[in-house]
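Asks: Residue numbers (the numbering used here), protein chains in the order written: chain A, 3 to 358; chain B, 1337 to 1633. Heads up, the beta-carbon is just placed ideally off N, CA and C, and yes, glycines get one too. Quick one: this structure, given as C-alpha cells, is what I'll be asking you about.
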C-alpha cells in the first residue's frame, strides 16, 4: 500500500515537472505563434492570477472580506514605476509641481522594483490591518474599501511624489511572458507550501471558527495580520506588473472597479481554492476580452441586433454573470477543491469504467 | 471668514448633510433588518435623479408629476433588486448576499452607462427655486432651504411609521429576531420589501434634490454619495433612523467646514469620510446612537 502511494507520489511529481517544462517550452515559442494582442492577454491572465491568489489568501483562506485590493495595487504600481523611471523622464513628466528632490535619483532594476513594490504594499497592508482587523465581516470590507480610497486620494494629491492626477507615463514594458509566468509560478509555489504548512491550518482554523481557534491557544489576531500582510504583498506585485505592461498608470486606474475585478476572479474560481483562482483568472480575463464583440455592432442580415454596439455592454453582461454565479453556483467553478493528478486519473478511469 | 460667509457655508453643509442623511436612512434600515450593506442603494439614488431628468427635460412632463414618476420608478427598481438579487440569498452566508449586492451595483451602473450614455447631462433648475432672496446679510435661494426641510419632514414621517404603525412594529421585530417574527404570523418577505421600498423612495428624493442642487446627472453619480451615506449610517449608529440623519449632518458639516476653514484641504475632501469611518469603527463601533448588535455564535 505504502509502496503504491510512494510510486504515485513520484509519478505526480514527475507529471508536475513535465507540465511545467512543457508550459515553459510553449511560452518560449509563444511569441512566434501568437500575435501581440494574444500575448498581452496571456500576460494579463498571469497578473490576474497573482492578484486573485493574493485576494484569495485574504478572503478565501483567511475569511477576511477585504475590498482594499485596488489601493494596495496602486501602491505597488507607483513604487515600481518610480524606481524604474530615469531621472530625465521624471523631470520631463512633473509639470504641475516639481518632483521631490530625494525621489529624482532613486533608481532600481526591474525585478528589485517588483520586490520593493510588494514590500511597500505589504507595509501599508500591515499598517491598516492593525486597527481594522479587529472588525469582522462586512465592516472590515467597508473599512478596507475606505482605506483603498484614501490611498487613491493621497496619490492624486501628493503631486511632488506621484505626479498627481496626470499619472506616470513611459514606463518601460518590462513585463513579458517569462517574467509574468515566472512570478506566477513562484506565487503558486509559495501559496501551496504556505497552505500545506502549519500556518495554513492555523489560517483555516481562524476562518472556520475563531472562538474555537482562540480556545486552542492560537493568537487569532496575529494570524490574520500576517495573512493580510502577505496578501497585500501579492497585490503590490500584481499592481507593479500591471503598470509595467500597460506602461502608463494614473490614480483613476485603481478605483473600486479594480477590486471588483479581482473579487470576481476569486468568486467565480471558487473561494479558498488555489486552482480556482487560476481557473477564475483565465475565465474572467478571456471572457472580458471575448465579450468586446458585443460592443461592436452585430448585424443580422441588414438590421443591427438590439443593444449591440453600445459601449459598456460587456460589463453589463459580466455583472449579470457575477450575480448568476452567486445565486445559482455559490461555490464557483472549483468550490474548495484543488487540482490533483490523482483526482484527474480517477476521473478518467471512472469515465472509462462507465463506458465499458 | 466673516459671519455671513459662515452662514453661507452653514446652509450648504445643512443641505449636503441632510441629503446624506436621507440616503443613509435606506442603508441603516436594510442593515438593521438583514445585516446587509445594500451596495446598490447609491445607484437607486442615481436612478431617481435620472428618472426626473428624463421625465421633465426629455419628455416635458410637468415637474410635480415628474417627481412622482421618478420616485415611483426608483422605488420599483429597489423592490426589483431585493426580489431578484437578495431574496434568493436570504439563507445563504451573509458574504454571498454582499457579493450579490456588489454585482447589482455594478450592473445598474453599467446598464445606466449603456442606456443613458456616460456623458454627464445638465439639469435645468426651475426658476421658482433659484430666485435668490436676502435673509439678513445672507443671500439664499429657496432650494437650499427646501432641501433640509423636506429631508427632516420625511425623516420625521418615517420615525412615525416605525414607532407608531403596525408595519413599523413588524420592521423593528424583524431586526431583533427574524425567525420569531415569522412565527408570530408576520409576512417577513413583505415587510422586507416595504423596507426596501421606503429606503429607495427616500434615496430617490435625495437624488432629485442632488440633481437640482448640483445641476448634473451622470451614471456614476451615486457611487461616492452612496459610500459616504453608508459611512454616515455607521457613524450615526447602524439601525437607527435618527442616527442616520445625525451621521449625515455630521458628515456634511465636516466636509464643508473643513474645506471652508482650510481651503488647502479641498483635494482631500473625499478622504474625510473614510478617515471618519476608520476612526469611528475603532473608537465606537456601534456609532453615536446605535445599539450593540450581538454576534450569534
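#1: Quick one: is residue 1499 of chain B buried, meaning 16 or more other Cβ sit within 10 Å of its Cβ, or exposed?
#2: Quick one: using the 10 Å Cβ neighbour count with 16 as the cut-off for buried, is residue 1468 of chain B buried or exposed?
#3: For residue 81 of chain A, which residues of its own chain have a beta-carbon under 8 Å away from its beta-carbon, when the five flanking residues on both sides are left out?
#4: Considering only heavy atoms of the ligand ADP, does any lie closer than 8 Å to the CB of residue 334 of chain A?
#5: Starting from residue 1475 of chain B and walking both ways along the beta strand (DSSP E), at which residues does that stretch end?
#6: Check the Cβ-Cβ distances between residue 1540 of chain B and every residue of chain A, and say whether any is below 9 Å.
#7: Considering only residues of the same chain and omitting the five flanking positions on each side of residue 171 of chain A, which have a CB-CB separation below 7 Å?
#8: Closest to residue 110 of chain A by C-alpha separation, out of A:83, A:132 and A:102, would be which residue?
#9: What residues in its chain sit with their C-beta under 6 Å from that of residue 1477 of chain B, if we drop five residues either side in the sequence?
#10: Please report the distance separating the alpha-carbon of residue 1292 of chain B from that of residue 1521 of chain B.
#11: Strictly below 9 Å CB to CB, what residues from chain A border residue 1525 of chain B?
#12: If we call anything under 9 Å between Cβ atoms a contact, is residue 72 of chain A one with residue 259 of chain A?
#13: Taking a cut of 9 Å between CB atoms, which residues from the segment 1435-1461 of chain B lie near chain A?
#14: Step through the CB atoms of chain B and report whether any lies within less than 9 Å of the CB of residue 206 of chain A.
#15: Kindly provide the ranges of any beta strand (DSSP E) runs that are 3 or more residues long and lie completely inside the segment 200-226 of chain A, ordered along the chain.
#16: Spatial neighbours of residue 159 of chain A within its chain, please: CB distance less than 7 Å, with the 5 preceding and 5 following residues excluded, ordered by chain position.
#17: Per DSSP, which one or two residues make a beta bridge with residue 1458 of chain B?
#18: For the segment 1597-1608 of chain B against the segment 1403-1423 of chain B, are there 3 or more C-beta pairs whose distance is under 8 Å?
#19: Under 7 Å Cβ to Cβ from residue 333 of chain A, same chain only, skipping five residues before and after it: list those, please.
#20: Using the Cα positions of residue 268 of chain A and residue 261 of chain A, report the straight-line distance between them to the nearest angstrom.
#21: Rank A:318, A:125, A:90 and A:129 by C-alpha distance to the C-alpha of residue 108 of chain A and give the top, closest one.
#22: I'd like to check one pair, residue 1370 of chain B with residue 1421 of chain B: are the Cβ atoms closer than 9 Å?
#23: With DSSP run on the structure shown, which of helix, strand or coil describes residue 1376 of chain B?
#24: Under 9 Å between C-beta atoms, does residue 280 of chain A make it to chain B?
#25: Could you spell out where the alpha helix (DSSP H) holding residue 28 of chain A opens and where it closes?
#26: Return the CA-CA distance between residue 169 of chain A and residue 98 of chain A, expressed in angstroms with no decimal places.
#27: Identify the contact partners of residue 145 of chain A in chain B, using a Cβ-Cβ distance below 7 Å as the criterion.
#28: Are the segment 212-222 of chain A and the segment 22-40 of chain A in contact at 8 Å, needing three or more beta carbon pairs?
#29: Please classify residue 1338 of chain B: is it buried, with 16 or more other beta-carbons within 10 angstroms of its beta-carbon, or exposed?
#30: How long is the line joining the alpha carbons of residue 105 of chain A and residue 1350 of chain B, rounded to whole angstroms?
#31: From residue 1368 of chain B to residue 1528 of chain B, what does the alpha carbon distance come to, in whole angstroms?
#32: Could you pull the start and end residues of the beta strand (DSSP E) that residue 1469 of chain B belongs to?
#33: Can you check the segment 1575-1633 of chain B for any beta strand (DSSP E) of at least 3 residues that lies completely inside it and give the ranges in chain order?
#34: Taking only three categories from DSSP, how would you classify residue 1397 of chain B?
#35: Contact between the segment 1547-1567 of chain B and the segment 1422-1430 of chain B is defined here as three or more beta-carbon pairs at a separation below 8 Å; is this criterion met?
#36: Would residue 316 of chain A be called buried (16 or more neighbouring beta carbons within 10 Å of its own) or exposed?
Replies: Looking at the coordinates:
#1: Residue 1499 of chain B is classed as exposed because its beta carbon has fewer than 16 other beta carbons within 10 Å across all chains shown.
#2: exposed
#3: These residues qualify, in order along the chain: 115, 118, 119, 122, 123, 238 and 242.
#4: Ligands are entirely absent from the displayed structure, and the ligand ADP is therefore not among its contents.
#5: 1474-1476
#6: no
#7: 95 and 250
#8: A:83
#9: Listed in chain order, the non-local C-beta contacts of residue 1477 of chain B below 6 Å within the same chain comprise 1466 and 1468, local neighbours out to five positions each way being set aside.
#10: Only positions 1337 to 1633 of chain B appear in this structure, which leaves residue 1292 of chain B out of reach.
#11: The contacting residues do not exist; residue 1525 of chain B stays about 16 Å from chain A at best.
#12: Yes, the pair counts as a contact, with Cβ atoms nearer than the cut-off.
#13: Hits within the stretch, in order: 1435, 1436, 1438, 1439, 1440, 1441, 1442, 1443, 1444, 1445, 1446, 1447, 1448, 1449, 1450, 1451, 1453 and 1454.
#14: no
#15: DSSP runs (the beta strand (DSSP E)) wholly in the segment 200-226 of chain A: none.
#16: 166
#17: B:1552
#18: no
#19: 272
#20: 11 Å
#21: A:90
#22: At the C-beta level, residue 1421 of chain B and residue 1370 of chain B stay beyond 9 Å of one another.
#23: coil
#24: no
#25: 4-35
#26: 11 Å
#27: Result: 1613, 1614 and 1617.
#28: No, the segment 212-222 of chain A does not touch the segment 22-40 of chain A.
#29: Classification for residue 1338 of chain B: exposed.
#30: Computed Cα separation, rounded: 43 Å.
#31: 11 Å
#32: 1469-1471
#33: none
#34: coil
#35: no
#36: It is buried - the Cβ of residue 316 of chain A has at least 16 other Cβ atoms within 10 Å.
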